[in-house]
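What follows is a short report on a single structure.
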Amino acid sequence: MDSAIILVFFLGYLAIVFEHPLRLDKTVPALIMAAVAWALLALGFHYGLLSVVDTHEHIYSLVGAHDAHGEGHHLAEEGFNNTLLHHLGKTAEILIFLIGAMTIVEIIDLHRGFEVLKSYVKTKSKRKLLWIVGILGFILSAIIDNLTATIVLVTLLRKIVPDKKERLWFVALIVIAANAGGAWSPIGDVTTTMLWIGNKVSAAGLIEYLVLPSIACFVVPFVIAAYFMKPFRGEITLDVNENIQAGKLLSSQTMLFLGLGAIVFVPVFKTVTHLPPYLGMMLSLGVVWLVSEYIHPEEDFSHSRREMYSAHKALSRIEMSSILFFLGILMAVAALESLVYATVIRDGAEVQVGTLRYVAEVLDRVIPNQDVVVILLGFASAIIDNVPLVAASMGMYEMPMDSKLWHFIAYSAGTGGSMLIIGSAAGVAAMGMERIDFIWYLRKIAWLALVGFLAGAAVFLAITAVFHS
Numbered sequence: 001m002d003s004a005i006i007l008v009f010f011l012g013y014l015a016i017v018f019e020h021p022l023r024l025d026k027t028v029p030a031l032i033m034a035a036v037a038w039a040l041l042a043l044g045f046h047y048g049l050l051s052v053v054d055t056h057e058h059i060y061s062l063v064g065a066h067d068a069h070g071e072g073h074h075l076a077e078e079g080f081n082n083t084l085l086h087h088l089g090k091t092a093e094i095l096i097f098l099i100g101a102m103t104i105v106e107i108i109d110l111h112r113g114f115e116v117l118k119s120y121v122k123t124k125s126k127r128k129l130l131w132i133v134g135i136l137g138f139i140l141s142a143i144i145d146n147l148t149a150t151i152v153l154v155t156l157l158r159k160i161v162p163d164k165k166e167r168l169w170f171v172a173l174i175v176i177a178a179n180a181g182g183a184w185s186p187i188g189d190v191t192t193t194m195l196w197i198g199n200k201v202s203a204a205g206l207i208e209y210l211v212l213p214s215i216a217c218f219v220v221p222f223v224i225a226a227y228f229m230k231p232f233r234g235e236i237t238l239d240v241n242e243n244i245q246a247g248k249l250l251s252s253q254t255m256l257f258l259g260l261g262a263i264v265f266v267p268v269f270k271t272v273t274h275l276p277p278y279l280g281m282m283l284s285l286g287v288v289w290l291v292s293e294y295i296h297p298e299e300d301f302s303h304s305r306r307e308m309y310s311a312h313k314a315l316s317r318i319e320m321s322s323i324l325f326f327l328g329i330l331m332a333v334a335a336l337e338s339l340v341y342a343t344v345i346r347d348g349a350e351v352q353v354g355t356l357r358y359v360a361e362v363l364d365r366v367i368p369n370q371d372v373v374v375i376l377l378g379f380a381s382a383i384i385d386n387v388p389l390v391a392a393s394m395g396m397y398e399m400p401m402d403s404k405l406w407h408f409i410a411y412s413a414g415t416g417g418s419m420l421i422i423g424s425a426a427g428v429a430a431m432g433m434e435r436i437d438f439i440w441y442l443r444k445i446a447w448l449a450l451v452g453f454l455a456g457a458a459v460f461l462a463i464t465a466v467f468h469s
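So the sequence shown is numbered by full-length UniProt numbering: it starts at 1 and just counts up by one.
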């Protein structure tokens, strides 16, 4: 039965990896994989064929239990149900947080708040433009997440760089900047949000340990591109006198700064109250929603046009398939984490562990250096979605909050995806919006992303060597 559960996960994972050749939304295999894995886990548990382990390493089993009304039987079933509810609760925290953040970003976009960013671009120099959009991408991704930042800046570049061949180079570098910027912020990437909500890292610890490596990951490729690569020499055709006000509304600037401030407020809320981040996001969404109900986007604003700028409209624009994908993949990984797979020797005694913990034990034996394992995780995230990789790593290791391992995982999973255009949500978004060719990115940009990734990793290892010496 345990082999069947692992096989289901493996086949589902393959379907997710090859979603483009299969022409199948990755949400479909993620949902099926999660439901079937838990169904097999439940059947195996109730027929006494396997055991489950909760997050506190308590083992629950019906093996050898014959009395359906016995206390042991009841406690085991309760343990199984509580394990399922615990994983669902932790997953729901992440999903509620993401829904709140995505809604705030959509409200900003409805009020054309991102049009305000165009006022920062007043240059014809390709080199200066590269640095401007790169810095914007690095900062924005730390606030509104790397995916949204990429979409905003690609839209902006379409209005600034009319030549698609020229624009592709800028877009490709934005992917690197956005992923680097998202790695040091608890709200900048889904994986850092998962680690933050899972109490693996703190907001302050993430910033302290990762801001310099992330800057290195961003700056090194941009220095090479800006000063040594031909596509970023010379000038572009840019109408610097373009009327910026034309695309803005009366509410654009207000909603931009209110929305960004509301998202940034969430880590502050968690630090002050010690409550889960999703509660802070609910408060922020409520405030932004409240303001959006009464603000006037236009001079002659009528009640009939209110729906165009309402939070209800923003909610309808949220990509629910992404939310359901996260639900499926996180619950599928939770099933693997809960399945008791093998026995290991710990402190001279035999201990039963879940599948993911067993994988961690095997990796420690084969590759004793955890830094090498995490760097390999970064390379793997360029090929495989980093969400399940990080979810799996959270189930593999037991380390205290803000340990070196969690910070390095956050960096590697967040920035390693830049090495392939399909390796991150930001890259996939850019690929879809600009029809970027996979081979073109592999030949022209992948090496830059690799250099940035290794530079940031070197800075991180140097910082931790000093701090932990």
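For glycine and all other residues, C-beta sits at the position ideal for the given N, C-alpha and C.
Exposed unless 16 or more other CB atoms sit within 10 angstroms - verdict on residue i
{"i": "T18", "result": "Before going on, a small fix: residue 18 reads as Phe here, not Thr. Result: exposed."}
{"i": "T343", "result": "exposed"}
{"i": "S3", "result": "exposed"}
{"i": "P267", "result": "buried"}
{"i": "N386", "result": "buried"}
{"i": "I439", "result": "exposed"}
{"i": "S338", "result": "buried"}
{"i": "V8", "result": "buried"}
{"i": "I367", "result": "exposed"}
{"i": "G44", "result": "buried"}
{"i": "A262", "result": "buried"}
{"i": "L442", "result": "exposed"}
{"i": "F232", "result": "buried"}
{"i": "N82", "result": "exposed"}
{"i": "V466", "result": "exposed"}
{"i": "T273", "result": "exposed"}
{"i": "F453", "result": "buried"}
{"i": "T271", "result": "exposed"}
{"i": "L285", "result": "buried"}
Beta-ladder partner(s) of residue i, from DSSP
{"i": "G205", "result": "For G205, which the question treats as bridged, DSSP gives no partner whatsoever."}
{"i": "Q370", "result": "Looking at the DSSP assignment, Q370 forms no beta bridge with any residue, so it has no partner."}
{"i": "T355", "result": "According to DSSP, which records beta bridges pairwise, T355 is partnered with nothing at all."}
{"i": "I59", "result": "V53"}
{"i": "T343", "result": "Q352"}
Cβ neighbours of residue i in the same chain (closer than 8 Å, five flanking residues each side left out)
{"i": "residue 544", "result": "As displayed, the chain neither begins before 1 nor continues past 469, which places residue 544 out of reach and without an answer."}
{"i": "R167", "result": "L157, R158, V161 and E434"}
{"i": "V451", "result": "V220, P221 and I224"}
{"i": "L405", "result": "Q370, V374, Y397 and M399"}
{"i": "K26", "result": "A15, I16, E19, F325 and D385"}
{"i": "N199", "result": "M401"}
{"i": "V359", "result": "A392 and M396"}
{"i": "A380", "result": "L389 and G416"}
Three-state secondary structure (DSSP) of residue i
{"i": "V121", "result": "coil"}
{"i": "Y397", "result": "coil"}
{"i": "I215", "result": "helix"}
{"i": "L249", "result": "coil"}
{"i": "A360", "result": "helix"}
{"i": "I463", "result": "helix"}
{"i": "Y13", "result": "helix"}
{"i": "Y47", "result": "coil"}
{"i": "E235", "result": "strand"}
{"i": "V451", "result": "helix"}
{"i": "G188", "result": "coil"}
{"i": "E319", "result": "coil"}
{"i": "D2", "result": "helix"}
{"i": "K128", "result": "helix"}
{"i": "H407", "result": "helix"}
{"i": "L389", "result": "helix"}
Contact set for residue i: own chain, Cβ-Cβ below 7 Å, skip 5 residues either direction
{"i": "V264", "result": "I143"}
{"i": "L356", "result": "L336, E337, A392, G395 and M396"}
{"i": "L249", "result": "H111, R112, P297 and E298"}
{"i": "residue 493", "result": "This structure cannot speak to residue 493, because the chain is shown only from 1 to 469."}
{"i": "M33", "result": "V8, F9, G12, G328 and A332"}
{"i": "L40", "result": "M1, A4, I5 and V8"}
{"i": "A216", "result": "A455, G456 and V459"}
{"i": "A314", "result": "T103, E106, I107 and L110"}
{"i": "S125", "result": "E235"}
Residues of its chain near residue i, where Cβ-Cβ distance is below 6 Å and the 5 sequence neighbours each way are ignored
{"i": "Y209", "result": "H407"}
{"i": "L256", "result": "I108, G113 and V116"}
{"i": "A35", "result": "none"}
{"i": "L330", "result": "T91 and A391"}
{"i": "residue 473", "result": "Residue 473 falls outside the range modelled here, since the chain spans only 1 to 469, and no answer is possible."}
Within-8 Å CB hit, residue i to chain C
{"i": "V291", "result": "Considering every chain present, this structure includes no chain C. It has just one protein chain."}
Which runs of the alpha helix (DSSP H) spanning at least 4 residues fall entirely within the segment 131-175, listed in chain order? 146-160
Return the chain-ordered ranges of every alpha helix (DSSP H) run that is complete within the segment 241-312 and spans a minimum of 4 residues. 252-273 and 277-294
Runs of beta strand (DSSP E) lying entirely within the segment 69-93, each at least 3 residues, in chain order: Secondary structure in the segment 69-93: no beta strand (DSSP E) run of 3 residues or longer lies completely within the stretch.
Complete runs of the alpha helix (DSSP H) confined to the segment 413-452 [at least 4 residues]: 425-434 and 438-444
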